Amino acid sequence: MDRLFVKNAQWIMAKKIVDGHDGILSVANEMENIPFDIKRVYYIYNLINHRNVERGRHAHKSLEQVMFCINGQCNVLLDDGMSAQEIVLDQPTKGIYLGANLWHVMREFNSNCILLVFASDFYNELDYIRNYDDFVASVVEKGNMVNVISA
Ligand code: TYD
Numbered sequence: 163m164d165r166l167f168v169k170n171a172q173w174i175m176a177k178k179i180v181d182g183h184d185g186i187l188s189v190a191n192e193m194e195n196i197p198f199d200i201k202r203v204y205y206i207y208n209l210i211n212h213r214n215v216e217r218g219r220h221a222h223k224s225l226e227q228v229m230f231c232i233n234g235q236c237n238v239l240l241d242d243g244m245s246a247q248e249i250v251l252d253q254p255t256k257g258i259y260l261g262a263n264l265w266h267v268m269r270e271f272n273s274n275c276i277l278l279v280f281a282s283d284f285y286n287e288l289d290y291i292r293n294y295d296d297f298v299a300s301v302v303e304k305g306n307m308v309n310v311i312s313a
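Residue 221 in the working numbering sits at position 59 of the sequence shown; the count goes up by one each step and never skips.
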């Protein structure tokens, strides 16, 4: 498992139940695998232009999410404003926690990729930071605020 060095991200493992029946059953429980109260679930699929498309390309001010790739695979670029790394999501039970203030870009999908996302709150466009420069500025501002408080 790749070591995560960006802030506000962590690997999340869902439970995998192989019980002798055909197929595998996987479970993610609130506060056990998912580190927040789940208010919303959404999924991304039907990536027809999968080779060229990028999704995400934003950060959230307060929303927390856990993303699983339950079919196929994609890459996710994670950027905390100070450092960045690209990870691969290619296992249905290996998800990524996307905390607030984490720029993320999903890309290099294969055509059968399906992303399943658990979110800590309902959709709110005001919680999005969609401009990268604004994101970096917000990280710098928050960093300064922490310094002021701890001084
Ligand atoms: P967005 O979050 O930008 O998608 P992605 O990060 O995958 O590129 O959302 C795309 C559009 O869908 C945007 O117009 C907002 C809308 N949307 C909702 O209405 N509800 C939701 O729960 C989500 C996630 C998006």
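Cβ coordinates follow ideal geometry from the N, Cα and C atoms, glycine included.
Keep in mind the model is a prediction, meaning the values are calculated, not measured.
Within a Cβ cutoff of 6 Å, which residues of the same chain sit near residue i, ignoring the five residues on either side of it in sequence?
i           : result
residue 297 : 221, 265, 291
residue 283 : 201, 225
residue 218 : 266, 267, 268
residue 237 : 248, 250, 269, 270
Which residues in the same chain have their Cβ closer than 7 Å to the Cβ of residue i, if we skip the five residues on either side of it in sequence?
i           : result
residue 171 : 240, 258, 259, 260, 261, 264
residue 255 : 175, 176, 178, 188
residue 311 : Since pLDDT at residue 311 reaches only 49, below the 50 mark, its modelled position is unreliable, and the value read off the structure follows with that caveat. None.
residue 184 : none
residue 163 : 173
residue 245 : 167, 168
If residue i and residue j are in contact, beta carbons under 8 Å, what's the gap, nearest whole angstrom?
i           : j           : result
residue 230 : residue 187 : Not quite, the Cβ-Cβ distance comes to about 14 Å (not below 8 Å), so this is no contact.
residue 242 : residue 169 : 4 Å
residue 181 : residue 192 : 23 Å between Cβ atoms; not a contact.
residue 276 : residue 233 : 4 Å
What first and last residue would you give for the beta strand (DSSP E) that runs through residue i?
i           : result
residue 167 : Careful: residue 167 lies outside any beta strand (DSSP E) and carries neither H nor E.
residue 248 : 246 to 251
residue 227 : 227 to 233
residue 264 : It is not in any beta strand (DSSP E) - residue 264 carries neither H nor E in the DSSP assignment.
residue 177 : 177 to 179
residue 187 : 187 to 189
residue 372 : Only positions 163 to 313 of the chain appear in this structure, which leaves residue 372 out of reach.
residue 202 : 202 to 206
Taking 8 Å as the limit between beta carbons, can you name the residues of its chain near residue i, skipping five residues before and five after?
i           : result
residue 179 : 186, 187, 188, 189
residue 304 : 263
residue 313 : Note that residue 313 has pLDDT 40, beneath the 50 cutoff, so the model's placement of it is unreliable and no number is given.
Assess contact between the segment 270 to 286 and the segment 207 to 217, defined as three or more Cβ pairs (one per stretch) separated by less than 8 Å. Is contact present? yes
Just checking, does the segment 250 to 261 make contact with the segment 223 to 239 on the three C-beta pairs under 8 Å criterion? yes
Measuring CB atoms only, is the segment 242 to 254 touching the segment 197 to 207, in the sense that at least three cross pairs come out at less than 8 Å? no
Give every residue whose Cβ lies closer than 5 Å to any heavy atom of the ligand TYD, listed in chain order. 204, 217, 218, 285
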